[in-house]
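Peer 1:
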Amino acid sequence: MYQYNDFDADFIRERNRQFRAQVERRIDGSLTEDEFRPLRLMNGLYLQLHAYMLRVAIPYGSLDPAKLRQLAYLAERWDKGYGHFTTRTNIQFNWPKLRDVPDMLDALAEVEMHAIQTSGNTIRNVTSDHFAGAAADELEDPRPVAELIRQWSTDHPEFQFLPRKFKIAVIASENDRAVMKSHDIGLRIVDREGARGFQVWVGGGMGRTPMVAKLLRDFLPRAELLPYLEAVLATYNLIGRRDNKYKARIKITVHENGLDEIRALVEAEFPRRRAAFAGVDQDWLARINAAFVTPRLAERDASPYYAARRADPVFRAWTDTNVTTHKHADYGIVTISLKAYGATPGDASASQMRLVADLAERFGQKDIRVSHAQNLVLPHVALADVPAVHAALREAGLGTANIGLASDIIACPGMDYCALATARSIPVAQGIALRLEELKIEHEVGHLQIKISGCINACGHHHVGHIGILGLDRAGVENYQITLGGDPSATTTIGTRTGPGFAYDEIVPAIERLILTYLDLRDGPEETFLEAYNRLGMAPFKSALYEHADRAYAAE
Amino acid sequence: MPRDFNPKVITANALLEGDVVYLTIDDRWSRNLSDAEVLTDEADADLRLLQAQARASEVVGVYLTDVRTTSRGPEPIHFREDFRRRGPSNLFHGKQADTLRRA
């Protein structure tokens, strides 16, 4: 875990001091809301439907017990006892009071956290593989590079007022667990003829115009990363559209100008940028690397784990879905589901956060991750300790065995909280999960990713859901469109719309029909929902949805 | 003949707490929609909106929203306003819980 140096600490302290004064000036009337709004957004403070919302950055989803305990403290001291983990691996507090926010930011600074650049047209929280440092298939831990990008992009004077927000992800394996190709820039650490560097993907994104990122550079030498990123950002900053918010993301810049033109502009800018870098960034990277040493994992006898699997079917079912192979044979990666049936996806209570912090301290090398799928991860747990971890999680309502299954749903806050939403997402996710639990079929169904967004901005990643659900306002009524065949993995695909949407009380039965149709038509239990869809096409699923024509909502 | 004007109330979020509030006939900000002044005349509504927007040290994001008048007072027409009046549907937080505490 990276530790702040004096510069970092001073910078955060000064920003917090400034924001405290800005809040005071807003309250005493010296600042209007128009003047204050950009200032609060720069510090992650939104005004939502019912209250303010503070979005705290969790860089590349990495936490330690002290940070997670402090988040629990914030939840209890200034919120309603819980936090909401997001698809950008951040955490949101839904009920802070304006006067309290400066104190919340000071409390965050005590554990080297902040809310800077979690909003606004800047480079947002850099995300990465939530199994980084533990995954058997990675070339290296991608987080030091993510940290380098975080330091470079934080308060970067040139990129504080981009045409639109900008999201970067870094991975280091062929298997994409970070939806890298749905980012403005996606980086994959690769080897080429003995040299290590980056594949650079550009122009991915969701929103109203979903696009899969395109390959801008097949190999960028390692030391040239920051000047190259600057060249891309500078190109976008110059020619990205500022006349239309909906056409301002770099995906549109790439689409309208063409990849070749963008590449030519970037390559023309690149030498100028490279000349301005004296190599200091590589010295920094070396220092950052030293802070991310994979823990020395002692050899441990894993036989208690296998004995528990044989003896306890509940434990076995949970390990089948929630424990992933670690690069060390005696260890496992434990994913903690924040998707208990009927619960709000991504929510964790303060006591649950404290329990996870305790487990990380006792069994998990003090390492905790937040995944973009809104779950928590203990990346380094000795298999021998997994039964004890599972028992503690079950007691706290965190023992749900559903990672990668149909009830492990990504859902944005939707109209229950978000001022931009056009419909609710959370109750739809709750309804689907409860129905699946009632039918007891999700283990039979197997791998199925359902993703729900409450508006076209697609924070719930619905475009890349195997089943995607988009909530809209149709003539003053909530209406839900379905897409099928989306894929968030390395073979990123945007889903295809099935047809007319469904009313709020029709959407859960519609999803049930899709799942039952899959079970009827699949070529054996080995064929996943996505594979069956890719083999069969839209027709049988469409028929299952709309042959109940009287139930389908006519408006599109 | 003047065109039909749908009854409206003035709503906003309180500056300090962020709570949803409604403008009353005696110029207070109430947390309860039932206390809101129902505006049935367009010119009157526009004037009241301007007056409310001038109170920037108390509230944020002032706007007019359609209501239907009932025996229980004004009721929201759009589901978004219904959620604003009540609170989130996933947790018993916000106004629904505040109302219970007050009762």
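Here the protein sequences line up with chains S and L, keeping their order. Under the numbering used here, the first residue of the first sequence is numbered 8, with each subsequent residue one higher. Under the numbering used here, the first residue of the second sequence is numbered 1415, with each subsequent residue one higher. Cβ atoms here follow ideal geometry from the backbone N, Cα and C, with glycine treated the same way.
(1) Any C-beta of chain L sitting closer than 8 Å to the C-beta of leucine 54(S)?
(2) Does chain L have any CB closer than 8 Å to the CB of glycine 36(S)?
(3) Count the other C-beta atoms from every protein chain shown that fall within 10 angstroms of the C-beta of glutamate 612(S), then say buried if there are 16 or more, exposed otherwise.
(4) Tyrosine 1477(L): buried (16+ other C-beta within 10 angstroms of its C-beta) or exposed?
(5) Since I believe serine 460(S) is in contact with alanine 440(S) (beta carbons under 8 Å), could you give me their beta-carbon distance rounded to a whole number of angstroms?
(6) Pull up the CB-CB distance for phenylalanine 26(S) and leucine 112(S), whole angstroms please, since I reckon it's below 8 Å.
(7) Residues in the same chain with beta-carbon distance under 8 Å from valine 1423(L), minus the five sequence neighbours each way, listed in chain order, please.
(8) Between which two residues does the beta strand (DSSP E) holding lysine 346(S) run?
(9) Between which two residues does the alpha helix (DSSP H) carrying valine 321(S) extend?
(10) Leaving out the 5 sequence neighbours to the left and right, which residues in its chain are closer than 7 Å to aspartate 13(S) when beta-carbon positions are compared?
(11) Quick one: what's got a C-beta closer than 6 Å to arginine 199(S)'s C-beta in the same chain, skipping five residues either side?
(12) Quick check on the burial criterion: 16 or more other C-beta atoms within 10 angstroms. Buried or exposed for aspartate 374(S)?
(13) By the 10 Å Cβ neighbour count, where 16 or more other Cβ atoms means buried, how is valine 321(S) classified, buried or exposed?
(14) Does the segment 228 to 248 of chain S come close enough to the segment 298 to 305 of chain S to have 3 or more Cβ pairs within less than 8 Å?
(15) Express the C-alpha separation of histidine 163(S) and glutamate 563(S) in angstroms, rounding to a whole number.
(16) Would alanine 176(S) and methionine 187(S) qualify as a contact pair, given that the criterion is a beta-carbon distance under 8 Å?
(17) Could you give the distance in angstroms between the alpha-carbon of methionine 8(S) and the alpha-carbon of glutamate 40(S)?
(18) Round the Cβ separation of glutamine 158(S) and alanine 64(S) to the nearest angstrom and send it over; I've been treating them as touching at under 8 Å.
(19) Among the candidates Ile259(S), Asn409(S), Gln381(S), whose CA atom is the shortest distance from the CA of lysine 447(S)?
(20) In chain order, what residues of the same chain lie with their CB nearer than 8 Å to the CB of asparagine 1427(L), ignoring the 5 residues before and after it?
(21) Please tell me whether glutamine 437(S) and asparagine 1420(L) are closer than 8 Å, where the distance is taken between their beta carbons.
(22) Could you tell me the distance, in whole angstroms, from the CA atom of leucine 543(S) to the CA atom of leucine 38(S)?
(23) Helix, strand or coil: which one does DSSP assign to phenylalanine 299(S)?
(24) Based on DSSP bridge pairs, tell me the residues matched to phenylalanine 173(S).
(25) Do you know whose CA, among Glu1431(L), Thr1425(L), Ala1457(L), lies nearest tryptophan 85(S)'s CA?
(26) What's the C-alpha gap between alanine 122(S) and methionine 49(S)?
(27) Going by other Cβ atoms of all chains shown within 10 Å of its Cβ, with 16 needed for buried, is proline 103(S) buried or exposed?
(28) Should threonine 351(S) be flagged as near chain L, meaning a C-beta pair shorter than 8 Å?
(29) Under 8 Å, do lysine 221(S) and glycine 204(S) count as touching if we go by C-beta distance?
(30) Along chain L, in chain order, which residues have C-beta atoms closer than 8 Å to that of methionine 49(S)?
(31) Please confirm if asparagine 1420(L) has its CB atom under 8 Å from at least one CB of chain S.
(32) Measure the C-alpha to C-alpha separation of isoleucine 433(S) and aspartate 288(S) and round it to an integer number of angstroms.
(33) Could you pull out every residue in the same chain whose Cβ sits closer than 7 Å to the Cβ of aspartate 107(S), ignoring the five residues on either side in sequence?
(34) Alanine 1470(L) versus chain S: which residues are under 7 Å apart at the beta carbon?
(35) In the DSSP output, which residue or residues are listed as bridge partners for phenylalanine 203(S)?
(36) Could you check whether the Cβ of phenylalanine 1506(L) sits closer than 7 Å to any heavy atom belonging to the ligand MN?
Peer 2: Here's the rundown:
(1) yes
(2) Closer than 8 Å to some Cβ of chain L, the Cβ of glycine 36(S) qualifies, so yes.
(3) Past the boundaries of the shown model lies residue 612(S); chain S is included only from 8 to 563, so the question cannot be answered.
(4) exposed
(5) With 8 Å as the limit, alanine 440(S) and serine 460(S) do not qualify as a contact, their Cβ atoms being about 17 Å apart.
(6) 6 Å
(7) Tyr1436, Leu1437, Leu1447, Ala1450, Glu1451, Val1452, Leu1453, Leu1478, Thr1479, Val1481, Pro1488
(8) Looking at the DSSP string, lysine 346(S) is not in any beta strand (DSSP E), and its letter there is neither H nor E.
(9) Per DSSP, valine 321(S) belongs to the alpha helix (DSSP H) from 320 to 329.
(10) none
(11) Take arginine 199(S), set aside five residues on each side of it, and the residues of its chain with a beta-carbon closer than 6 Å to its own are Phe226, in chain order.
(12) Buried, since its Cβ has 16 or more Cβ neighbours within 10 Å.
(13) Answer is exposed; the Cβ neighbour count stays below 16.
(14) no
(15) Any reading at glutamate 563(S) is ruled out, since the residue's pLDDT is 45, under 50, leaving its predicted position unreliable.
(16) Yes.
(17) 38 Å
(18) The pair is not a contact, with the Cβ atoms about 13 Å apart (cut-off 8 Å).
(19) Asn409(S)
(20) So the qualifying residues of the chain are Asp1433, Val1434, Val1435, Val1473, Val1474, Gly1475.
(21) no
(22) 59 Å
(23) coil
(24) According to DSSP, phenylalanine 173(S) shares a beta bridge with Ile130(S).
(25) Sorting Glu1431(L), Thr1425(L), Ala1457(L) by C-alpha distance to the C-alpha of tryptophan 85(S) places Glu1431(L) at the top.
(26) 8 Å
(27) buried
(28) yes
(29) No, the Cβ-Cβ distance between lysine 221(S) and glycine 204(S) is not below 8 Å.
(30) Simply none; closest approach about 17 Å.
(31) no
(32) 43 Å
(33) Trp85
(34) Those within 7 Å of alanine 1470(L) in chain S are Thr39, Glu40.
(35) In the sequence as presented, phenylalanine is not what sits at residue 203(S); that position holds arginine. Bridge partners of arginine 203(S): Asp198(S).
(36) Absence of the ligand MN from the depicted structure is noted, as is the absence of any ligand whatsoever, leaving it without description.
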